[in-house]
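Student:
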Amino acid sequence: MLDHIDLARLRDVLDGPWAAVRNAHREHLDARFLPVYGETGDQARERITRLLTELPAELGMASAFPTEYGGSSDVGGSIIASEMLAQVDLSLMVKAGVQWGLFGGAVAALGTRRHHDAYLRDIVSGTVFGCFAMTETGHGSDVQQLRTTCTYDPQTQTFDLHTPHEAARKDYIGNAARDGRMAVVFAQLITNGRRHGVHAWLVPIRDAQGNPLPGVRIGDAGPKAGLLGVDNGRLTFDHVQVPRDMLLDRYGQVAPDGTYSSPIENDSRRFFTMLGTLVRGRVSVGGAASAATKSALTIAVRYGDIRRQFGTPDADREVLLNDYLAHQRKLLPALATTYALHFAQTELVAALSEVQGGDGPVDEHRQRELESRAAGLKAAQTWHATRTIQMCREACGGAGYLSENRLPSLKADTDVFTTFEGDNTVLLQLVAKGLLTGYRDEFGSLDGWGRASFVAEQVREMVLERTAARSLIERLISAVPGRDDEVAVTDRGWQLKVFEDREKHLLDGAVRRLRNGAATKKDHPFDIFNDVQDHVLAVAAAHIDRVTLEAFVAGIEDTADTAVRALLSRVCDLYALSVIETNKGWFLEHGRLTPARSKAITSVVNGLLKDLRPHLRTLVDGFAIPDTWLHCAILREEPGRQDTMTAHDAAGDWQVVPA
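Each residue of the sequence shown is one higher than the one before, starting from 62 at the first, in our numbering.
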């Protein structure tokens, strides 16, 4: 039996190092910032743009910028801010992310002092709205092959920015359709007849009155499934002249005579270094997806504690939804995974802050680790959000389908998260490639993947690198007795060992298959990889499962309160065993589980559900989401609720008003 939990202590653990940032948002973001159910796309865009300018100076994602330009030099705080905005309104979070994370972040990361002095203050203050024009209609995830060109002319000392065909149109660009005045445009740099790969330029796209500038064609991406407040648009450039000094030239410079120079000679390495500086956007998307998942779970759990369905012969009242095992099977494993991903995200944000938050040179190895971890967690978090929010919608029955109960908008607004800031399948391949090659300098190339000299032992050290509590993890694993069937499935060392063993086995198998392919198809490198693509994706998924579990274990180790620690330990058990249960087919096929032990795991999971049922509400209350932010009509029925709901507008919106 778990002890009574001091909710404040649990919230302190979950709020983590940036608790002050979280609390500032909880205090200042009132009902004005909530979604308006039933509004049109134009109404949503107008409202979100206005709210973005009304965000208090101490809030929002602009905190990542240097203090001299209006920020607070707090990279980690900017990620936490995006999570908090996501719990209020995902359109607001994405709009802010485009302005300060993508547009402003690109100017800060890829530009030099002259760009910073000229533009960052206005970007931070919202005086200049901008957009991030990377994705093309025909080349979404394959950024290295973008078709837009920017060709330098020494006679005019300008670049000619051009969209050569319709597939090279910049597409899905947030802030483009309505508000953007400038864009960071990614294109192939050409000078003196030679291509130097993808670079970025700061390009004005509208005049002061909002009209497109000569040569710039702007279109609206049209109606969308969600994120109505974000003005996604399309940009086409017809030989637009861009001054030489508008090239964001931190990593590549063009002299007046057209001579190109760069501190990084290799084109591919330079490209990935440039993209690596923009990893903050990917970390923000993953965190925002998890934040939305927490909101959905809070609504579903709280509704399940007031909604009754069917009776029993010995009771005069119907049974609460949360008392049914089937309902617990839906909510609690998803909640456990959400907790695990929360600790993994906290660890990732801390790493991001450490790697990119200083003034000194960035450690390239740490940067590559950061990029890989961000890619994998973003995929895990966004897929988990899509599954879990749908499950929460179903758990609330017909009520979950009504706009006034928030779940439909959470579902619609997060759906695109699985494909923006990197398609999840592509991101998992990036993770796997890093594992398979040990982060070679040119991990964007398939060259050498199957060479005979490449053996599994060369990558084992890399795959087992850990960013937190390494000695703790190794100690727990080494303490596991030799015979698995003699160890309790709740033994933490056994769980860690099982996750690690699965990842190693999958990795070794992928390497063997790649080597075999190289021996028989050495002249067909695409086929070598394509034939094992499913295996490679499984490696990446197992890797993310393992590092997520390790982050959860590290978070528990850092928890001082014994009762909270005990609760988190049970939740961690549920996460670990749920992953094993979900993948029991693999474990049985590969002799890692006996049928009897597989059945025992299911029994233990059901026991954990029973143990955690009394703490369901505590676990979601630990997220500390203000009642106002949940913006959910069905929670009006909760006993003892201290808020009243009043009809707000003709669209059927509900506003929480203090009683």
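Just so it is clear, CB atoms sit at the ideal spot from N, CA and C, and this is done for glycine as well.
#1: Measuring only the C-alpha atoms, how far is residue 319 from residue 197?
#2: At the level of alpha carbons, what is the spacing between residue 426 and residue 692?
#3: Only counting runs of 4 or more residues, tell me where the alpha helix (DSSP H) segments fall wholly within the region 573-628, in order along the chain.
#4: Should the region 596-614 be called in touch with the region 473-489, which here means at least 3 C-beta pairs below 8 Å?
#5: Excluding the 5 residues flanking residue 534 on each side, which residues of the same chain have their C-beta closer than 7 Å to its C-beta?
#6: Spell out a yes or no on whether the region 177-190 and the region 381-400 are touching, meaning 3 or more CB-CB pairs, one atom from each, closer than 8 Å.
#7: According to DSSP, is residue 190 helix, strand or coil?
#8: Just confirm the distance between the C-beta atoms of residue 157 and residue 194, as a whole number of angstroms; I'd bet it's less than 8 Å.
#9: Tell me which residues share the same chain as residue 435 and place their Cβ nearer than 6 Å to its Cβ, disregarding the 5 neighbours each side in the sequence.
#10: Indicate whether residue 450 and residue 357 have their beta-carbon atoms separated by less than 9 Å.
#11: State whether the region 124-136 contacts the region 66-77, with contact taken as three or more CB pairs (one from each stretch) at a distance under 8 Å.
#12: Apply the 10 Å Cβ neighbour rule to residue 216 and answer buried if 16 or more other Cβ atoms are within range, or exposed otherwise.
#13: If you draw a straight line from the alpha carbon of residue 324 to that of residue 359, how long is it in whole angstroms?
#14: Compute the Euclidean distance between the alpha carbons of residue 239 and residue 294, then round it to the nearest angstrom.
#15: Starting from residue 262, trace the alpha helix (DSSP H) both ways and give me its first and last residue.
#16: Using DSSP bridges, identify the partner residues of residue 211.
#17: Between residue 288 and residue 572, which are expected to be in contact by the criterion C-beta below 8 Å, what is the C-beta distance as a whole number of angstroms?
#18: Since I believe residue 140 is in contact with residue 348 (beta carbons under 8 Å), could you give me their beta-carbon distance rounded to a whole number of angstroms?
#19: What does the Cβ neighbour count give for residue 311, buried or exposed, with the cut at 16 atoms within 10 Å?
#20: Short of 6 Å in beta carbon distance, which residues of its chain neighbour residue 363, apart from the five on each side in sequence? Order them along the chain.
#21: Using CA coordinates, which residue listed in 328, 212, 316 and 483 is at the minimum distance from residue 302?
#22: Bridge partners for residue 298 per DSSP, in chain order?
#23: According to DSSP, what are the bridge partners of residue 304?
#24: Considering Cα atoms alone, identify which of 399, 286 and 219 is closest to residue 306.
#25: Suppose the cutoff is 6 Å on Cβ atoms and the five residues either side in sequence are ignored; what does the same chain contact list for residue 105 look like?
#26: Helix, strand or coil for residue 380? Go by DSSP, reduced to three states.
#27: Bridge partners of residue 430, per DSSP?
#28: Here's a check: name, in chain order, each residue in its chain whose Cβ is nearer than 8 Å to the Cβ of residue 256, leaving out the five neighbours to either side.
#29: Suppose the cutoff is 8 Å on Cβ atoms and the five residues either side in sequence are ignored; what does the same chain contact list for residue 445 look like?
#30: Based on DSSP bridge pairs, tell me the residues matched to residue 231.
Tutor: On the basis of the supplied data:
#1: In the sequence shown, residue 319 corresponds to position 258, counting from 1. In the sequence shown, residue 197 corresponds to position 136, counting from 1. Each residue's alpha carbon lies about 27 Å from the other.
#2: Here residue 426 is taken as the residue at index 365 of the sequence shown, counted from 1. Here residue 692 is taken as the residue at index 631 of the sequence shown, counted from 1. Distance from the CA atom of residue 426 to the CA atom of residue 692, rounded to whole angstroms, is 44 Å.
#3: Uninterrupted alpha helix (DSSP H) stretches at least 4 residues long and entirely within the region 573-628 occur at 586-591 and 594-618, given in chain order.
#4: Judged by pairs of C-beta atoms under 8 Å, the region 596-614 touches the region 473-489, as three or more such pairs exist.
#5: Your numbering for residue 534 matches position 473 in the sequence shown. Contacts found: 527, 557, 611 and 614.
#6: Taking 8 Å as the limit for Cβ pairs, the verdict is that the region 381-400 does not touch the region 177-190.
#7: Reading the sequence shown from its first residue, position 129 is the one you call residue 190. If DSSP states are grouped into helix, strand and coil, residue 190 belongs with coil.
#8: For this step, residue 157 is matched to residue 96 along the sequence shown. For this step, residue 194 is matched to residue 133 along the sequence shown. Actually they are not in contact, since the Cβ atoms of residue 157 and residue 194 sit about 18 Å apart, beyond 8 Å.
#9: Taking the sequence shown and counting its residues from 1, the one referred to as residue 435 is at position 374. Sequence-distant Cβ neighbours of residue 435 in its own chain, meaning closer than 6 Å and more than five residues away, are 340, 343 and 344.
#10: If you number the sequence shown from 1, residue 450 lands on position 389. If you number the sequence shown from 1, residue 357 lands on position 296. The criterion of a C-beta distance shorter than 9 Å is satisfied by residue 450 and residue 357.
#11: Between the region 124-136 and the region 66-77 there are fewer than three C-beta pairs closer than 8 Å, too few to call the two in contact.
#12: Within the sequence shown, the letter at position 155 stands for residue 216. Only exposed fits residue 216, as fewer than 16 other CB atoms lie within 10 angstroms of its CB.
#13: The residue labelled residue 324 in the question sits at position 263 within the sequence shown. The residue labelled residue 359 in the question sits at position 298 within the sequence shown. Answer to the nearest angstrom: the Cα atoms are 50 Å apart.
#14: For this step, residue 239 is matched to residue 178 along the sequence shown. For this step, residue 294 is matched to residue 233 along the sequence shown. Separation of residue 239 and residue 294 (C-alpha to C-alpha, rounded to the nearest whole angstrom) is 8 Å.
#15: As a first step, residue 262 is located in the sequence shown; it is residue number 201 there, counting from the start. Taken as a continuous stretch (DSSP letters only), residue 262 belongs to no alpha helix (DSSP H), being part of the beta strand (DSSP E) at 255-265.
#16: In the sequence shown, counting from the first residue as 1, residue 211 sits at position 150. When DSSP reads this structure, residue 211 sits in a beta bridge with 222 and 250.
#17: For the purposes of this step, residue 288 is taken as the residue at position 227 of the sequence shown. For the purposes of this step, residue 572 is taken as the residue at position 511 of the sequence shown. In fact, because the Cβ distance is near 41 Å, the residues do not count as touching under 8 Å.
#18: Residue mapping note: residue 348 aligns to position 287 of the sequence shown, counting from 1. Residue mapping note: residue 140 aligns to position 79 of the sequence shown, counting from 1. 6 Å between Cβ atoms; contact.
#19: Residue 311 sits at position 250 when you count from the first residue of the sequence shown. Buried is the label assigned to residue 311, since at least 16 other Cβ atoms lie within 10 Å of its Cβ.
#20: Counted from its first residue, the sequence shown places residue 363 at position 302. Within the same chain, residue 363 has close Cβ partners 696.
#21: Here the question's residue 302 lines up with position 241 in the sequence shown. Nearest of 328, 212, 316 and 483 to residue 302, Cα basis: 212.
#22: On the sequence shown, residue 298 is found 237 positions in, with the first residue counted as 1. Residue 298 has 277 as its beta-bridge partners, per DSSP.
#23: Here the question's residue 304 lines up with position 243 in the sequence shown. Per DSSP, 219.
#24: Along the sequence shown, one-based indexing puts residue 306 at 245. Ranking 399, 286 and 219 by Cα distance to residue 306 puts 219 first.
#25: As a working mapping, residue 105 is identified with position 44 in the sequence shown. Counting only Cβ-Cβ distances below 6 Å, and skipping sequence neighbours, we find 289 and 290.
#26: Taking the first residue of the sequence shown as position 1, residue 380 is located at position 319. Three-state result, residue 380: strand.
#27: Start at 1 with the first residue of the sequence shown, and residue 430 comes out as number 369. None, per the DSSP bridge assignment.
#28: On the sequence shown, residue 256 is found 195 positions in, with the first residue counted as 1. Same-chain partners within the cutoff: 249 and 250.
#29: As a position in the sequence shown, residue 445 is number 384, starting the count at 1. Taken in chain order, the residues that qualify are 350, 351, 354, 395, 398, 399 and 402.
#30: Taking the first residue of the sequence shown as position 1, residue 231 is located at position 170. The partner list for residue 231 (beta bridge, DSSP) reads 197 and 296.
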